[in-house]
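In full-length UniProt numbering, the protein residues as written are 1 to 59. Accompanying notes for the structure given below.
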Amino acid sequence: MTELEKVQRRVRTIRKIRSGSELEGYRSTDATRADQRAYARGAITAAELGERVRQRYDI
1 MTELEKVQRR VRTIRKIRSG SELEGYRSTD ATRADQRAYA RGAITAAELG ERVRQRYDI
């Protein structure tokens, strides 16, 4: 899988997550969206994204 394909896959994943949240009546915060963009670019891993969200919301 090329780097471009990996980025496209991560972008699709984030879009699905956001769509699911919006269907439930929620919107992610600007900070979470910034982390999601970092994940989509490949700057952080999915595990790091999850950890940031858990730390932010103390869960």
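The beta carbon of each residue, even a glycine, is placed where N, CA and C say it ideally should be. Keep in mind it's a predicted model, so treat the numbers as computed, not measured.
Supposed close pair residue i, residue j - CB separation, criterion 8 Å
i     : j     : result
Asp35 : Val53 : 7 Å
Arg56 : Ala31 : 6 Å
C-alpha distance - residue i paired with residue j, whole-angstrom precision
i     : j     : result
Ala43 : Ser21 : 23 Å
Lys16 : Tyr26 : 13 Å
Leu49 : Arg33 : 10 Å
Arg37 : Arg18 : 12 Å
Ile59 : Leu23 : 22 Å
Sub-8 Å separation of residue i and residue j beta-carbons
i     : j     : result
Ala46 : Val11 : no
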